[in-house]
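Residue numbers (my numbering), protein chains in the order written: chain A, 1 to 204; chain B, 1001 to 1204. Each residue gets a CB set at the ideal place from its N, CA and C atoms; glycine is no exception.
2 protein chains.
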Amino acid sequence: MDGDLIPLERPRAERADAARNRRLLLDTARRMIDETGAENVTMDCLAEQAGVGKGTVYRRFRTRAGIFVALLEEAERTFQQRVLSGPPPLGPGGDPVDRLIAYGQGRITFLLDNHAVARAAMGQNRPVPVAGPGLTRIHIRVLLERAGVGATHLDALTLQLAAALEGPILLYLATPDPAEGERERSLQALAEGWKILVTRVCHP
Amino acid sequence: MDGDLIPLERPRAERADAARNRRLLLDTARRMIDETGAENVTMDCLAEQAGVGKGTVYRRFRTRAGIFVALLEEAERTFQQRVLSGPPPLGPGGDPVDRLIAYGQGRITFLLDNHAVARAAMGQNRPVPVAGPGLTRIHIRVLLERAGVGATHLDALTLQLAAALEGPILLYLATPDPAEGERERSLQALAEGWKILVTRVCHP
DNA sequence: AATCTAACCGGGGTAAAGTCCGTTTATGCT
DNA sequence: AGCATAAACGGACTTTACCCCGGTTAGATT
């Protein structure tokens, strides 16, 4: 028997073949997105290209949007590492306002780079679409608190700032695939706007 | 050849039967939403209930989301009247910052009241989902300018504030149908957050 | 190694969005 | 009123996300 003192890890580890198929599907999806655009990635087609059954795709990612969420989370991991344990101002240790500004800039860059995937990740289904209770909200909330923002409903303000950060790209930026110069200009403009928002909200 | 000197009025007025069917469809849709919820309003079912063919539904509102957009615009009209020609602080004539605060409160109320329709109005399709270049953005932009906010990219800041206003409800507020007390609490919290945002952004 | 079981795999089936095209009808002109 | 025509109508058709369930297999236990 296993002498584990703490045997109750997550219900069960993912089976090897399942993990292999997950990778295969993610890679195939990534390739198809590059080749034909996210909106042309259909479930049937993805399954066929990957050489697995359609049911398998649905077992791994519960929905079509789930595929893009997974892709997005994967891409996000390295950025999250820099936020959680990198050097300031992005990482821990600096002035909270500077960290907010840096986080915003990083997040905007990330979303612009992954624009197509991010938009595809929000299916019109029930719960929160993208970046559920993702890092963004928690991070913003903690830094606002630390910066000493006085608001009786800090959660609402957090939500609003998160929306100000992500909304323009998810909701309003309609261009299916921003041109090169366009991207740079958007980045500059949104980063400046975010900086204004954060500094003025934090030191009135 | 046509000797029209000023031939190019609007392409043509809407035909009477078309207008009648539009009304019929909107009313039927509204009723179905109340009865079974917005997510159960299917195109086939709507057409059948209204007693018209499916093609007709698609001709009137190009897409499923289009129906909800139309419904939303209809509901919005009275609020827009108050904004454009009502008494201050919502209507014209007062301090721009006060007007921004009042607009936000009104808009939050409106979106909470029409939560289900508003969410259904954003299909995951190409262009801007809800409130296209609707009043919100133009209004915010004008008032920011008038309040003397100094930003080199005013458009971006406008987008971000619009997102702060609408995003929490469209993007993050997951509850399918907020309970009575819940709605009141959300309204209070979001209105306060919006007030903080606007006042601090406008007089630093 | 044999066995047992839960998880995985596949692909056919359903429902709903959106398209097409032949038919009908309202409206402007003579 | 009669006619021409552009618009509206209807419903069959296509596509796609998502469900289901019988057969198969990885991995733990003995």
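Range covered by the alpha helix (DSSP H) that runs through residue i
i, result
"H964 (chain B)", "Nothing about residue 964 (chain B) can be read from this structure; chain B reaches only from 1001 to 1204."
"F1110 (chain B)", "P1096 to D1113"
"E1073 (chain B)", "R1064 to S1085"
"T56 (chain A)", "K54 to R60"
"N238 (chain A)", "In this structure chain A extends from 1 to 204, so residue 238 (chain A) is not present and cannot be described."
"I1196 (chain B)", "E1180 to C1202"
"L1046 (chain B)", "M1043 to A1050"
"G167 (chain A)", "L154 to G167"
Beta carbon of residue i nearer than 8 Å to that of residue j
i, j, result
"I140 (chain A)", "T158 (chain A)", "yes"
"N114 (chain A)", "L72 (chain A)", "yes"
"L165 (chain A)", "I101 (chain A)", "no"
"L1090 (chain B)", "G1106 (chain B)", "yes"
"T1036 (chain B)", "Q1049 (chain B)", "no"
"A1163 (chain B)", "L171 (chain A)", "yes"
"R1183 (chain B)", "L1112 (chain B)", "yes"
"L24 (chain A)", "V57 (chain A)", "no"
"L1038 (chain B)", "A1120 (chain B)", "It is worth fixing the name first, because residue 1038 (chain B) is Ala in this sequence and not Leu. Yes. Within cutoff."
"G123 (chain A)", "T42 (chain A)", "no"
"E1192 (chain B)", "A156 (chain A)", "yes"
"P96 (chain A)", "R146 (chain A)", "yes"
"L197 (chain A)", "Q1160 (chain B)", "yes"
"I1169 (chain B)", "A1118 (chain B)", "yes"
Short CB-CB distance (under 8 Å) between residue i and chain A
i, result
"P998 (chain B)", "Missing from the structure shown is residue 998 (chain B); chain B here goes from 1001 to 1204 and no further."
"I1067 (chain B)", "no"
"R1010 (chain B)", "Note on R1010 (chain B): pLDDT 47, under 50, position unreliable in the model; no value is reported."
"D1113 (chain B)", "no"
"P1204 (chain B)", "yes"
"G1037 (chain B)", "no"
"A1013 (chain B)", "no"
"H1139 (chain B)", "no"
"Y977 (chain B)", "Chain B is shown only over 1001 to 1204; residue 977 (chain B) falls outside these bounds and no answer can be derived."
"L1161 (chain B)", "yes"
"T1063 (chain B)", "no"
"V1198 (chain B)", "no"
"G1055 (chain B)", "no"
Min CB distance residue i to chain B below 8 Å
i, result
"E192 (chain A)", "yes"
"L5 (chain A)", "The pLDDT assigned to L5 (chain A) is 40, lower than 50, so where the model puts this residue is not dependable, and the model offers no usable value."
"V117 (chain A)", "no"
"I101 (chain A)", "no"
"P87 (chain A)", "no"
"L135 (chain A)", "no"
"A19 (chain A)", "no"
"V201 (chain A)", "yes"
"D155 (chain A)", "yes"
"G93 (chain A)", "no"
"L143 (chain A)", "no"
"L25 (chain A)", "no"
"T109 (chain A)", "no"
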